[in-house]
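Data block below; observations after.
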Amino acid sequence: KHCVSVVTIKMRRVALLARRSGSRGAARLSSWIASSMREGSSEWGRLAEACGAEAIAGVTRRERGDSILSVFFSSGSSAEEMATVARTLRGLGSEIVVGCGAGHGVIGARGEVPRGLSVLSASVGCETFVTTRAALPEMDWEGAMRDAPGGILLFSSGAFDVESLASRLDLALPRAPKIGGACDALCVDGTVYEHAAVGIMLRCRVDPVVSQGALPVGRPMRVDAVQPGRPFVTSIDGLDVSSAFRRAISRDDLPPGARLFIGVKVDPRAVDAASPSHEDAFVVRHVGAVSPAGVFLPVDPDLLVPGATLQFHAFGPDQAKAELHRQLQDRPRADAALLATCLGRGANLYDTPNLEPDYLKTHALTTPTLAGFAANGEIGPCGHRTYLHAYTAATALLSRPPP
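Shown next as structure tokens:
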């Protein structure tokens with residue numbers, strides 16, 4: 247939380263290790279922020295030393311009030327090994343270290359790997375918090391609002407109710423987008439948490455890109471009745487649910503190879519007034535089993551009220567690529583990206599590896615500086631609220647103006 251001078255001998259060690267690494271690690275530099283990735287699932291101290299040397303040495307610009315932050319993603323590591331990675335990164339000069347243990351793979355500039363370590367290091371003003379319950383941790387929230395963080399990287403582990411926490415953060419800091427994902431374990435400055443959430447409030451520009459991989463099909467529907475306190479719809483458009491669904495979509499509406507999801511329309515206002523908004527914004531979910539009584543939809547019950555709009559969505563590789571292209575076109579390029587993508591995407595969705603990181607490098611970034619992981623739930627805004635998504639790629643585009 248406080249700016250600490252980096253000891254010269256540490257930085258010399260970092261530079262020496264980076265030179266020894268040569269081009270093998272392909273460190274990705276962009277002055278105030280850099281990334282590195284290594285594949286493997288053993289000798290985590292050496293992996294951390296190699297990644298940290300490249301990423302931290304790549305951070306060549308530092309301004310008053312900045313701290314050296316390192317965020318790492320490890321796949322195949324135990325809690326003790328995550329702590330080893332954190333200690334190593336601190337020894338190389340990082341003042342704040344946050345890690346996510348991701349059992350389904352990590353992402354870096356070279357793509358997606360099932361086992362390995364990916365590190366993103368930055369010189370940036372930031373503040374972190376950790377909580378083990380879905381309530382705001384005790385801290386100076388008035389001061390946080392006054393300092394206006396550009397965004398919050400938000401990660402959760404275990405069965406933590408991160409969506410409730412995100413709702414409270416939306417109330418406390420409504421203009422700061424929250425973006426991240428759910429992992430297996432969290433590590434904050436060497437302490438490992440299995441059921442918790444960590445937030446990193448950044449003093450830089452954070453542009454969220456939430457790609458749910460689905461596009462609307464069929465005709466919109468209007469909810470007439472729901473069961474009180476439950477996301478269970480009993481009547482749509484004056485009809486029972488089965489009849490309304492049959493009238494809203496036909497077989498010809500669903501593109502070949504796509505799966506049928508359903509979306510609940512939300513307030514289209516963006517979290518940040520400066521961010522682009524769309525006329526129609528939907529929280530997209532899979533369709534539950536339809537019974538004579540109605541249908542269960544896995545969304546916040548507050549969204550399903552009489553008068554709410556539903557629409558079917560087609561989810562598939564073509565739709566995901568089209569949505570991501572639309573979201574990134576005409577957008578200024580960022581310095582770096584942090585990507586939390588559903589473990590059901592990647593090669594499982596596109597039948598080819600590395601499509602999303604390659605697309606970000608080509609269409610969204612000034613340099614190929616990125617890190618991330620395969621998440622088991624993705625966190626990001628839709629309209630003016632933050633949700634826990636599924637089958638989604640949640641990207642934080644990070645930028646900082648020149649000094």
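Residue numbering for the sequence shown follows this note's numbering, starting at 247 and increasing by one per position. Don't be surprised by glycine CBs; every beta carbon is placed ideally from N, CA and C. Quantities reported herein were computed from a predicted structural model and do not represent experimental measurements.
Determine the DSSP secondary structure at residue i, reduced to helix, strand or coil.
{"i": "T374", "result": "strand"}
{"i": "S287", "result": "coil"}
{"i": "H630", "result": "coil"}
{"i": "L399", "result": "strand"}
{"i": "S410", "result": "helix"}
{"i": "T437", "result": "strand"}
{"i": "G445", "result": "strand"}
{"i": "P603", "result": "helix"}
{"i": "R379", "result": "coil"}
{"i": "D430", "result": "coil"}
{"i": "R646", "result": "coil"}
{"i": "T608", "result": "helix"}
{"i": "G389", "result": "helix"}
{"i": "D669", "result": "Any property of residue 669 remains undetermined from this structure, which presents the chain solely from 247 to 649."}
{"i": "D526", "result": "coil"}
{"i": "L293", "result": "helix"}
{"i": "D518", "result": "In this prediction, D518 scores a pLDDT of 47, lower than 50, which makes its location untrustworthy; no coordinate-derived value is stated."}
{"i": "L419", "result": "coil"}
{"i": "G623", "result": "coil"}
{"i": "A299", "result": "helix"}
{"i": "G271", "result": "Residue placement at G271 is flagged as unreliable, the pLDDT there being 40, under the threshold of 50; the coordinate-derived value follows with that caveat. DSSP places G271 in coil when its eight states are reduced to three."}
{"i": "S537", "result": "strand"}
{"i": "V455", "result": "strand"}
{"i": "P462", "result": "strand"}
{"i": "A636", "result": "coil"}
{"i": "A617", "result": "strand"}
{"i": "S277", "result": "coil"}
Please classify residue i as buried or exposed, where buried requires at least 16 other C-beta atoms within 10 Å of its C-beta.
{"i": "L550", "result": "buried"}
{"i": "Q458", "result": "buried"}
{"i": "A520", "result": "Below a pLDDT of 50, predicted positions are generally treated as unreliable, and A520, at 41, falls in that range; the measurement from the model is reported next regardless. A520 is exposed by the Cβ-count criterion."}
{"i": "G347", "result": "buried"}
{"i": "D312", "result": "buried"}
{"i": "P474", "result": "exposed"}
{"i": "T330", "result": "buried"}
{"i": "A303", "result": "buried"}
{"i": "V250", "result": "With a pLDDT of 34 at V250, under the threshold of 50, the modelled position of that residue is not reliable, and no figure is offered here."}
{"i": "Q573", "result": "buried"}
{"i": "H559", "result": "buried"}
{"i": "E289", "result": "exposed"}
{"i": "R310", "result": "exposed"}
{"i": "E326", "result": "exposed"}
{"i": "T587", "result": "buried"}
{"i": "G445", "result": "buried"}
{"i": "S340", "result": "buried"}
{"i": "T378", "result": "exposed"}
{"i": "T598", "result": "exposed"}
{"i": "G503", "result": "exposed"}
State the CB to CB distance for the pair residue i and residue j, rounded to an integer number of angstroms; the pair is presumed to be in contact (CB under 8 Å).
{"i": "L382", "j": "R421", "result": "Not a contact, Cβ separation roughly 16 Å."}
{"i": "L363", "j": "M283", "result": "7 Å"}
{"i": "V479", "j": "L543", "result": "6 Å"}
{"i": "D581", "j": "R531", "result": "Between R531 and D581 the Cβ distance is about 33 Å, and since that is not below 8 Å, they are no contact."}
{"i": "L616", "j": "A583", "result": "4 Å"}
{"i": "L315", "j": "S281", "result": "Wrong, their Cβ atoms sit about 12 Å apart, outside the cutoff."}
{"i": "L611", "j": "R577", "result": "Actually they do not touch by this definition, with Cβ atoms about 11 Å apart."}
Determine whether the beta carbon atoms of residue i and residue j lie at a separation below 9 Å.
{"i": "Q557", "j": "R497", "result": "no"}
{"i": "D370", "j": "C297", "result": "Residue 370 is actually Val in this sequence, not Asp. Cβ distance not < 9 Å, so V370 and C297 don't count as in contact."}
{"i": "A566", "j": "I425", "result": "no"}
{"i": "I625", "j": "V434", "result": "no"}
{"i": "W387", "j": "A418", "result": "yes"}
{"i": "R476", "j": "L485", "result": "no"}
{"i": "F619", "j": "S321", "result": "yes"}
{"i": "H635", "j": "V512", "result": "no"}
{"i": "S410", "j": "A442", "result": "no"}
{"i": "A554", "j": "V510", "result": "yes"}
{"i": "I495", "j": "V463", "result": "yes"}
{"i": "T374", "j": "M447", "result": "yes"}
{"i": "G427", "j": "N622", "result": "yes"}
{"i": "E440", "j": "G404", "result": "yes"}
{"i": "G351", "j": "G592", "result": "yes"}
{"i": "P239", "j": "G397", "result": "There is simply no residue 239 to check, as the chain begins at 247 and stops at 649 in what is shown."}
{"i": "S481", "j": "G562", "result": "no"}
{"i": "L399", "j": "T632", "result": "no"}
{"i": "V472", "j": "L432", "result": "no"}
{"i": "G436", "j": "V317", "result": "no"}
So, does the CB of residue i fall closer than 9 Å to a CB anywhere in chain C?
{"i": "A431", "result": "Absent from the structure: chain C. Only one protein chain is present."}
- Every unbroken alpha helix (DSSP H) within the stretch 543 to 593, with a cutoff of 4 residues, ordered by chain: 563 to 574
- Message: Suppose only complete runs of 3+ residues qualify. What are the beta strand (DSSP E) ranges in the stretch 302 to 377, listed by chain order?
- Response: 313 to 321, 342 to 347, 352 to 354, 357 to 359, 362 to 370, 372 to 377
- Message: What ranges does the beta strand (DSSP E) occupy inside the stretch 471 to 513, keeping only unbroken runs of at least 3 residues that lie completely in it?
- Response: 478 to 482, 505 to 512
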